[in-house]
Amino acid sequence: MKKDIVCIVCPRGCTIQVNYDKNGIISMEGSSCKRGDEYARAEILSPTRMITSSVKIDNAKYTVCPVKTGAPVSKSKIFDVMEEIYKVRIQAPVQQGDVIIKDVCGTGADIIATQTFEAES
Ligand code: SF4
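All letters in the sequence shown, in the order written, are residues 8 to 128 by my numbering.
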């Protein structure tokens with residue numbers, strides 16, 4: 008199988024052509040450095056993503072609080088993680104950096120508040 012991957016590690020945006028099969032990577036062409044090779048390898052073998060979203064919040068100035076994962080999570084877990092995030096409802100006050108969900112879906116990543124909200128009452 009062949010796949011073109013655009014490296015996002017730096018602004019140069021090299022396109023890396025990866026040739027692979029079920030046993031792993033056979034060859035790669037197009038990267039300009041080792042970081043690109045590592046990125047392309049990870050994209051093929053175990054792609055991960057940071058997730059940003061929001062959770063419902065009560066007793067605050069706004070009705071949602073922005074959150075993100077504290078570490079990248081496997082792409083295959085994104086929908087499970089989003090379902091967990093949608094279920095959550097928190098109460099102000101909340102501080103930026105507070106853990107909202109610990110080890111979400113067993114990924115090892117926490118869901119973290121990215122904004123502070125004071126309690127309104
Ligand atoms: S392969 Fe290297 S030079 Fe090219 S975009 Fe990735 S990090 Fe940048």
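Every residue, glycine too, gets a C-beta built ideally from N, C-alpha and C.
Going by C-alpha to C-alpha distance, which of the options sits closest to residue i?
i	options	result
residue 106	100, 119 and 99	119
residue 82	70, 74, 11 and 54	54
residue 111	94, 100 and 26	94
residue 97	76, 116, 34 and 125	125
residue 17	24, 87, 44 and 86	44
residue 27	68, 84, 52 and 85	52
residue 57	122, 116, 25 and 123	116
Residue i by DSSP, collapsed to three states: which one?
i	result
residue 81	strand
residue 94	helix
residue 65	strand
Give the straight-line distance between the Cα atoms of residue i and residue j, rounded to the nearest whole angstrom.
i	j	result
residue 70	residue 31	46 Å
residue 78	residue 59	11 Å
residue 100	residue 65	9 Å
residue 20	residue 11	12 Å
residue 103	residue 74	9 Å
residue 90	residue 62	11 Å
Any idea if residue i is buried or exposed, counting beta-carbon neighbours within 10 angstroms, 16 or more meaning buried?
i	result
residue 92	buried
residue 38	buried
residue 41	exposed
residue 114	buried
residue 84	buried
Exercise. Mind pulling the beta strand (DSSP E) runs of 3 or more residues that sit fully within the region 9 to 53?
Worked result: 9 to 13, 22 to 28 and 31 to 36
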